[in-house]
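In full-length UniProt numbering, the protein residues as written are 1 to 123. Idealized CB from N, CA, C, for every residue including glycine. These figures come from a predicted structure and were not determined experimentally. Below is one structure; the comments refer to it alone.
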Amino acid sequence: MLSVRPCPPVDYSKCSQTVTVYHWDGDHGCTRTVYKQAFLDFKKTQNVDKTGSKEANSFLLVIPCSTQGVFVGDKVLLGSGPEISTREAWAALVPSTTPGLVIVKYVDPKYWKGRMVHLEAGG
């Protein structure tokens, strides 16, 4: 007989960073949400091909939560970021000029026992 053990409780003690998530909704402008319990990890790698090597940057964001609050295309800033109220300010908020800013390329909610326990996002 196969015995199935329940998953152990998840330890979110590493989710101790503050991040600001900016979501642009053309009808309502920019929504700014500050998460005080998050984990944002930056990663640099070298992609090598026939023409040489090129640096590639990626990130992983983990937010313990019960609802989805991050979407593809959102901008995430490490720390508590400023209010963004205009389309021009949204367009000016780019990684090349804003240290610690990343743009979400995927969102992957994680569930346990039918309930969302955390959200992973990256790019």
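Contact defined as beta carbons within less than 8 Å: I believe L77 pairs with V19. What is the distance between those atoms, to the nearest angstrom? As a working note, residue 77 is residue 77 in the sequence shown. As a working note, residue 19 is residue 19 in the sequence shown. The Cβ separation is near 7 Å, so the contact holds.
Just to confirm, are residue 148 and K44 a CB contact at a threshold of 8 Å? Residue numbering for the chain in the displayed model covers 1 to 123; residue 148 lies beyond these limits and cannot be assessed.
Note down the Cα distance separating T86 from F39, rounded to an integer number of angstroms. Within the sequence shown, residue 86 is the residue found at index 86, counting from 1. Within the sequence shown, residue 39 is the residue found at index 39, counting from 1. C-alpha of T86 to C-alpha of F39: approximately 28 Å in a straight line.
Taking a contact to mean a Cβ-Cβ separation below 8 Å, would you say V62 touches V107 in this structure? Indexing the sequence shown from 1 puts residue 62 at position 62. Indexing the sequence shown from 1 puts residue 107 at position 107. Using a Cβ distance threshold of 8 Å, V62 and V107 do not count as a contacting pair.
Could you tell me if A91 is buried or exposed, where buried requires 16 or more neighbouring beta carbons within 10 angstroms of its beta carbon? Numbered from 1 along the sequence shown, position 91 holds the residue referred to as residue 91. Around the beta carbon of A91, a 10 Å sphere encloses fewer than 16 other beta carbons of the protein chains shown; the residue is thus reported as exposed.
Do you know how far the Cα of H118 is from the Cα of H23? Locating residue 23 in the sequence shown gives position 23, where the first residue counts as 1. Locating residue 118 in the sequence shown gives position 118, where the first residue counts as 1. In this model, H23 and H118 are separated by some 19 Å (Cα to Cα).
Nearest-angstrom Cα distance between K36 and P82? Here the question's residue 36 lines up with position 36 in the sequence shown. Here the question's residue 82 lines up with position 82 in the sequence shown. Answer to the nearest angstrom: the Cα atoms are 15 Å apart.
Considering only the alpha carbon of each residue, which of K110, L101, G79 lies closest to S16? Residue numbering aside, residue 16 sits at position 16 when the sequence shown is read from its first letter. In terms of CA proximity to S16, G79 leads the group K110, L101, G79.
Candidates V72, T51, A121: closest to D25 by CA position: Locating residue 25 in the sequence shown gives position 25, counting from the first residue. Among V72, T51, A121, the Cα nearest to that of D25 is on V72.
Buried or exposed by the 16-neighbour rule on C-beta atoms within 10 Å, applied to V94: Start at 1 with the first residue of the sequence shown, and residue 94 comes out as number 94. Label assigned to V94: exposed.
Exposed unless 16 or more other CB atoms sit within 10 angstroms - verdict on V48: Within the sequence shown, residue 48 is the residue found at index 48, counting from 1. By the Cβ neighbour-count rule, V48 is exposed, with fewer than 16 other Cβ atoms within 10 Å of its own.
DSSP bridge partner residues for Q46 (one or two, in chain order): Within the sequence shown, the letter at position 46 stands for residue 46. E55.
Determine the burial state of V34: buried for a count of at least 16 other Cβ atoms within 10 Å of its Cβ, exposed for fewer. Residue 34 sits at position 34 when you count from the first residue of the sequence shown. So V34 counts as exposed.
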